[in-house]
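Count along the sequence shown starting at 1, add 3, and that's the number in this note's numbering.
What follows is a set of notes on a single structure, which appears directly below.
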Amino acid sequence: MRRLKGLTSLIDVSVTSPLMLDQGWSYHRDEGSSGDPLNDVEFHHQLYTLTDPRYTGRVTVPALWDKHEGRIVNNESAELVRMFNGAFDDLTGNRLDLYPRICARPSMPSTPRSTITSTTASTRRDSPPSSRSTRNTSARYSSRWTVSRRVLPSSATWPANG
4 MRRLKGLTSL IDVSVTSPLM LDQGWSYHRD EGSSGDPLND VEFHHQLYTL TDPRYTGRVT
64 VPALWDKHEG RIVNNESAEL VRMFNGAFDD LTGNRLDLYP RICARPSMPS TPRSTITSTT
124 ASTRRDSPPS SRSTRNTSAR YSSRWTVSRR VLPSSATWPA NG
């Protein structure tokens with residue numbers, strides 16, 4: 004979705020190790036990870052505790068990290084697909100609809116309006132004026148977002164002992 008919607012220059016990707024050990028997924032390069040160049044954390048659960056130091060719940064991937072706010076803004080893959088489908092269209096000019104409402108199941112909640120509003124409002128504040136080409140200036144804005152993901156979908160609970 005990120006590539007099809009033209010978001011690769013706006014949203015970076017960090018990949019966790021496919022191994023989930025006692026500390027959960029790591030960002031250790033020797034275990035197959037891309038590393039975490041932004042926060043330099045060793046483990047994915049540390050992004051959750053950077054967002055909320057008291058967090059003890061479920062740790063999942065993917066997770067959308069707002070680099071300016073310094074926190075996870077969404078960690079639900081279906082919501083990220085819906086968000087990527089339209090929330091960044093003003094930045095990319097890509098109006099391709101990969102999640103048409105006619106295909107959406109009525110039981111599936113849409114991305115909460117507050118998440119999209121918060122995401123797009125924050126993004127628009129940093130976005131280039133509409134008279135300028137996003138293609139020429141996208142490098143300036145590529146540091147806004149990053150998605151942490153792992154090769155195989157899974158989840159864990161942090162802390163590991165409960």
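For each residue, glycine too, the CB sits at the ideal point set by N, CA and C.
Straight-line Cα distance separating residue 62 from residue 27: 8 Å
Checking the sheet assignment: what are the DSSP bridge partners for residue 27? 24
Give me whichever residues DSSP pairs with residue 81 in a beta bridge. Its beta-bridge partners do not exist; DSSP assigns none.
Alpha carbon to alpha carbon, how far is residue 58 from residue 6? Give it in angstroms, no decimals. 31 Å
Work out the CA separation of residue 75 and residue 21 for me, nearest whole Å. 20 Å
Could you check where the alpha helix (DSSP H) with residue 94 kicks off and where it finishes? 92-95
Let me know if residue 65 comes out buried or exposed under the rule of 16 or more other beta-carbons within 10 Å of its beta-carbon. buried
From residue 10 to residue 100, what distance separates their C-alpha atoms? 14 Å
Are the beta-carbon atoms of residue 17 and residue 151 separated by less than 7 Å? yes
Cutting at 8 Å between CB atoms, please list the residues of its own chain near residue 29, excluding the five before and the five after it. 19, 20, 22, 36, 45, 46 and 47
Residues near residue 88 in its chain [Cβ-Cβ closer than 8 Å; skip 5 each side]: 4, 8, 100, 101 and 102
Residue 92 beta carbon less than 7 Å from that of residue 98: yes
Residue 55 by DSSP, collapsed to three states: which one? coil
What does a CB cutoff of less than 7 Å around residue 1 pick up in its chain, not counting 5 residues either side in sequence? The structure shown has nothing for residue 1, since the chain only spans 4 to 165.
Suppose you measure from the CA of residue 60 to the CA of residue 69; what does that come to, to the nearest Å? 20 Å
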